[in-house]
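Top line first, the protein sequences correspond to chains A and B. Heads up, the first sequence is in this note's numbering, so the first residue is 53 and it goes up one at a time. Heads up, the second sequence is in this note's numbering, so the first residue is 62 and it goes up one at a time. Ideal Cβ placement from N, Cα and C applies to all residues, glycine included.
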Amino acid sequence: MQLPSELDDLYQDIILDHYRSPRHQGLLHDPDLRGEGFNPFCGDQVVLTLGLDGAGRIAEVGFEGQGCSISQASASMLTGHLEGKTLEEAEALVRTFKGVMQGGEFTPEQEDDLGDIVALEGVKRFPIRIKCALLGWTTLQDAISAYRKTRD
Amino acid sequence: MYDVAKIRKDFPILDREVHGVPLVYLDNAATSQKPRAVIQALSDYYERYNANVHRGAHTLAIEATDAYEEARAKVARFINAPSPENIVFVRNTTEAINLVAHTWAVANVGAGDRIVVTEMEHHSNLVPWQHVARVGGAELKLMAMTSGYELDTSDLDELLTPATKLVALTHMSNVLGTITPVAEVVAAAHRVGALALIDAAQSVPHMPVDVQALDCDFMAFSGHKMLGPTGIGVLYAKADVLEEMDPFLRGGEMVLEVTYEDATWNQVPLKFEAGTPNIGDAIALGAAVDYLSALGMDDVREHEVALTRYAMERFAELEEVPTFGPSDLSVRGGVVSFYMSEIHPHDIGQVLDQVGVAIRAGHHCAMPLVRSRLNVPATARASFYLYNTEAEVDALIDGLNQVLRYFGDAASKRA
Numbered sequence: 053m054q055l056p057s058e059l060d061d062l063y064q065d066i067i068l069d070h071y072r073s074p075r076h077q078g079l080l081h082d083p084d085l086r087g088e089g090f091n092p093f094c095g096d097q098v099v100l101t102l103g104l105d106g107a108g109r110i111a112e113v114g115f116e117g118q119g120c121s122i123s124q125a126s127a128s129m130l131t132g133h134l135e136g137k138t139l140e141e142a143e144a145l146v147r148t149f150k151g152v153m154q155g156g157e158f159t160p161e162q163e164d165d166l167g168d169i170v171a172l173e174g175v176k177r178f179p180i181r182i183k184c185a186l187l188g189w190t191t192l193q194d195a196i197s198a199y200r201k202t203r204d
Numbered sequence: 062m063y064d065v066a067k068i069r070k071d072f073p074i075l076d077r078e079v080h081g082v083p084l085v086y087l088d089n090a091a092t093s094q095k096p097r098a099v100i101q102a103l104s105d106y107y108e109r110y111n112a113n114v115h116r117g118a119h120t121l122a123i124e125a126t127d128a129y130e131e132a133r134a135k136v137a138r139f140i141n142a143p144s145p146e147n148i149v150f151v152r153n154t155t156e157a158i159n160l161v162a163h164t165w166a167v168a169n170v171g172a173g174d175r176i177v178v179t180e181m182e183h184h185s186n187l188v189p190w191q192h193v194a195r196v197g198g199a200e201l202k203l204m205a206m207t208s209g210y211e212l213d214t215s216d217l218d219e220l221l222t223p224a225t226k227l228v229a230l231t232h233m234s235n236v237l238g239t240i241t242p243v244a245e246v247v248a249a250a251h252r253v254g255a256l257a258l259i260d261a262a263q264s265v266p267h268m269p270v271d272v273q274a275l276d277c278d279f280m281a282f283s284g285h286k287m288l289g290p291t292g293i294g295v296l297y298a299k300a301d302v303l304e305e306m307d308p309f310l311r312g313g314e315m316v317l318e319v320t321y322e323d324a325t326w327n328q329v330p331l332k333f334e335a336g337t338p339n340i341g342d343a344i345a346l347g348a349a350v351d352y353l354s355a356l357g358m359d360d361v362r363e364h365e366v367a368l369t370r371y372a373m374e375r376f377a378e379l380e381e382v383p384t385f386g387p388s389d390l391s392v393r394g395g396v397v398s399f400y401m402s403e404i405h406p407h408d409i410g411q412v413l414d415q416v417g418v419a420i421r422a423g424h425h426c427a428m429p430l431v432r433s434r435l436n437v438p439a440t441a442r443a444s445f446y447l448y449n450t451e452a453e454v455d456a457l458i459d460g461l462n463q464v465l466r467y468f469g470d471a472a473s474k475r476a
């Protein structure tokens with residue numbers, strides 16, 4: 053029995069690479085922002101911590117999590133695109149990614165910017181896994197929202 | 062003679078393909094497939110005698126009422142209840158347990174009292190009791206699981222104090238397949254004056270169950286896991302207990318006489334069936350019970366034990382894949398939970414789906430058991446039923462070998 057190639061769309065090498073060797077592992081000791089996400093459907097968990105510099109840009113990122121390959125790889129990929137961004141820019145990134153997961157397309161410009169993240173587009177063909185792919189991203193959005201509330 | 066090939070012909074869905082390959086349905090602990098007789102009973106009701114029950118003098122109403130009450134009688138006979146009046150139709154196991162929690166328990170469990178459950182419970186037999194304990198000021202205690210995944214009854218006498226009002230336990234774990242010694246626990250509960258509730262969602266569909274032999278006060282199970290439709294379930298309770306219990310939901314059908322100020326209750330069990338009940342699904346559950354009874358539950362159990370034994374042998378060939386559950390098949394149902402340390406159950410389920418094999422991945426609505434006792438974030442689970450075959454077990458094992466190869470290959474490509 054041969055495995056169908058659709059699986060290769062979902063489990064692209066770059067995704068499995070992030071799953072095996074997640075980037076930015078480990079939580080920051082004294083983070084400015086912290087978020088925890090949980091997907092009760094399959095028990096995926098992501099904890100995300102961010103440190104800001106004097107100008108309010110993201111200077112440090114650390115995450116820990118456990119769960120399926122898609123949830124962990126997606127969170128790992130996200131962490132690689134946060135350093136140097138303002139919180140508004142990070143939110144814009146979350147919006148872009150969510151838009152694509154919900155049926156939109158990356159623009160050619162975004163594809164250039166996002167690099168490895170584009171590999172996650174294959175998840176769209178497996179609707180049940182979209183929630184997994186979004187976990188790290190919604191966790192980031194929650195962390196930013198919570199941070200803003202404490203500053204109000 | 063138990064003829065699986067013949068049985069499979071009764072289940073239209075088993076003919077279908079997924080992703081271009083034959084369906085191998087191994088998610089029976091979640092829900093079972095339905096034989097043609099059950100589907101037919103449902104459409105017969107809607108095509109030929111759809112009417113409301115227990116009211117109206119016309120022919121259709123009488124036929125519908127007779128069929129509905131006959132279904133109740135079939136269910137009663139199936140679990141050897143003394144009378145159809147011991148059977149309350151509800152939506153599912155969860156509703157049956159909540160009915161007891163919101164009526165009997167509210168009246169009988171208070172400050173300083175104790176409720177005992179086991180570490181193996183499904184959320185449906187844990188969360189309602191957390192609520193009852195919190196609201197009433199009672200304490201919720203746990204019966205532990207042994208390292209061999211069986212129920213530890215060694216400290217039963219210390220656990221069941223005179224303050225204990227209820228012991229609520231699973232008859233068969235939906236995660237581990239463990240069959241618990243319910244008769245022993247029920248007897249221990251009764252010795253301290255407590256009542257006993259059995260969550261039989263996984264046992265009644267798969268083995269002979271006799272409520273009088275077990276002597277339980279309550280038993281809850283779902284129709285859809287035993288070849289019946291979704292939306293119909295059963296609460297069994299002893300007659301004297303049902304008599305003294307307050308109604309759960311109030312409204313039509315459950316009343317005898319109503320004034321603008323007050324109302325009196327209909328007889329048991331109608332007292333607990335407010336509003337128009339789920340008539341069609343109850344009748345179809347009756348057809349499911351007929352189907353199971355014709356096969357014989359001893360034979361169903363024997364078939365599943367043989368299949369589980371074969372599955373355990375095949376799993377033993379996979380070194381990388383530990384399983385959870387009792388090794389003694391006399392105390393184990395047809396459930397195999399397994400784990401691959403480097404591959405998340407959700408990913409296992411995804412790859413298996415592509416080769417037609419349907420299993421469950423996750424915490425199986427038993428989060429504390431999976432995370433705190435098995436110490437894994439989730440498991441993958443294959444669960445068998447009366448129509449599964451050794452060839453389907455082989456398909457599962459082949460699929461798991463593909464999973465190992467796929468993720469192994471994918472990892473090595475990187476290097």
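Going by the DSSP bridge assignment, what does residue i pair with across the sheet?
i: Arg421(B); result: Arg442(B)
i: Leu256(B); result: Leu227(B)
i: Gln77(A); result: Phe115(A)
i: Arg393(B); result: Thr239(B)
i: Met206(B); result: Leu212(B)
i: Tyr448(B); result: According to DSSP, Tyr448(B) bridges with nothing at all.
i: Ile404(B); result: Met401(B)
i: Met233(B); result: Ile240(B)
i: Glu219(B); result: None, per the DSSP bridge assignment.
i: Thr92(B); result: According to DSSP, which records beta bridges pairwise, Thr92(B) is partnered with nothing at all.
i: Ala385(B); result: Per the sequence shown, residue 385(B) should be read as Phe rather than Ala. Beta-bridge pairing links Phe385(B) to Ser398(B).
i: Leu201(B); result: Ile176(B)
i: Glu47(B); result: Look at the range of chain B in this structure, 62 to 476, and you will see that residue 47(B) is not part of it.
Report yes if the CB atom of residue i is closer than 7 Å to the CB atom of residue j, and no otherwise.
i: Ala125(B); j: Tyr107(B); result: no
i: Asn159(B); j: Pro189(B); result: yes
i: Ala261(B); j: Phe282(B); result: yes
i: Ser185(B); j: Thr225(B); result: no
i: Gly289(B); j: Ala345(B); result: yes
i: Tyr504(B); j: Pro383(B); result: Since the first residue shown for chain B is 62 and the last is 476, residue 504(B) is missing from the structure and cannot be characterised.
i: Gln142(A); j: Leu134(A); result: According to the sequence as given, residue 142(A) is Ala; it is not Gln. Closer than 7 Å, so yes.
i: Ala132(B); j: Gly347(B); result: yes
i: Ser121(A); j: Asp71(B); result: no
i: Gly95(A); j: His425(B); result: no
i: Leu220(B); j: Lys202(B); result: yes
i: Asn327(B); j: Val316(B); result: yes
i: Thr239(B); j: Met204(B); result: no
i: Ala125(A); j: His81(A); result: no
Taking the alpha carbon of residue i as the reference point, which residue from the options has its own alpha carbon closest?
i: Phe149(A); options: Glu135(A), Cys184(A), Gly136(A), Pro74(A); result: Cys184(A)
i: Ile74(B); options: Gly81(B), Val65(B), Tyr63(B), Tyr86(B); result: Tyr86(B)
i: Ala419(B); options: Ile68(B), Lys70(B), Val82(B), Arg69(B); result: Val82(B)
i: Gly117(B); options: Arg393(B), Glu314(B), Asn89(B); result: Glu314(B)
i: Leu275(B); options: Lys286(B), Val265(B), Val247(B); result: Val247(B)
i: Ala439(B); options: Val431(B), Glu318(B), Thr241(B); result: Val431(B)
i: Pro330(B); options: Gly341(B), Ala349(B), Phe309(B), Met287(B); result: Phe309(B)
i: Val396(B); options: Leu368(B), Gln415(B), Val295(B); result: Leu368(B)
i: Arg200(A); options: Arg72(A), Leu62(A), Asp65(A), Gly87(A); result: Gly87(A)
i: Gly89(A); options: Val146(A), Phe178(A), Ser123(A); result: Ser123(A)
i: Val243(B); options: Thr231(B), Arg252(B), Gly254(B); result: Thr231(B)
i: Ala452(B); options: Trp165(B), Met62(B), Leu84(B), Gly357(B); result: Leu84(B)
i: Gly155(A); options: Pro179(A), Gly114(A), Ala144(A); result: Pro179(A)
i: Met181(B); options: Tyr210(B), Gly198(B), Gly197(B); result: Tyr210(B)
i: Arg75(A); options: Thr159(A), Arg109(A), Phe115(A); result: Phe115(A)
i: Ala168(B); options: Gly197(B), Pro145(B), His192(B); result: Gly197(B)
i: Asn339(B); options: Asp323(B), Glu130(B), Gly254(B); result: Glu130(B)
May I ask whether a heavy atom of the ligand NAP can be found less than 6 Å away from the beta carbon of residue i?
i: Asn235(B); result: The ligand NAP is not part of this structure, which contains no ligands at all.
Against chain A: residues of the region 259-291 of chain B by CB proximity under 7 Å: none
Chain-ordered residues of the region 76-98 of chain A with a beta carbon less than 9 Å from chain B: Pro92, Phe93, Cys94, Gly95, Asp96, Gln97
Residues, ordered as in the chain, of the region 417-434 of chain B that lie near chain A by beta-carbon distance below 7 Å: Ala422, Gly423, His424
Beta strand (DSSP E) runs wholly inside the region 83-171 of chain A, at least 3 long, in chain order: 85-91, 96-104, 110-118
4 or more residues per run - each alpha helix (DSSP H) lying fully within the region 104-182 of chain B: 120-139, 154-161
Residues of the region 99-124 of chain A whose Cβ lies closer than 9 Å to any Cβ of chain B, in chain order: Gln118, Gly119, Cys120, Ser121, Ile122, Ser123, Gln124
Within 9 Å of chain B by C-beta, residues of the region 167-199 of chain A in sequence order: Phe178, Ile180, Arg181, Cys184
In chain order, each alpha helix (DSSP H) run of at least 4 residues that lies wholly inside the region 264-303 of chain B: 272-275
Cβ-based contacts, 7 Å cut-off: residues of the region 123-156 of chain A near chain B: none
Positions along the region 174-198 of chain B whose CB lies within less than 7 Å of some CB in chain A: none
Segments of 3+ residues assigned as beta strand (DSSP E) that fall wholly inside the region 309-358 of chain B: 316-319, 324-326
Contact set between the region 56-72 of chain A and chain B, restricted to residues whose Cβ is under 8 Å from the partner: Pro56, Glu58, Leu59, Leu62, Tyr63, Asp65, Leu68, Asp69, Arg72
Where the region 340-361 of chain B meets chain A: residues whose CB sits under 9 Å from a CB there: none
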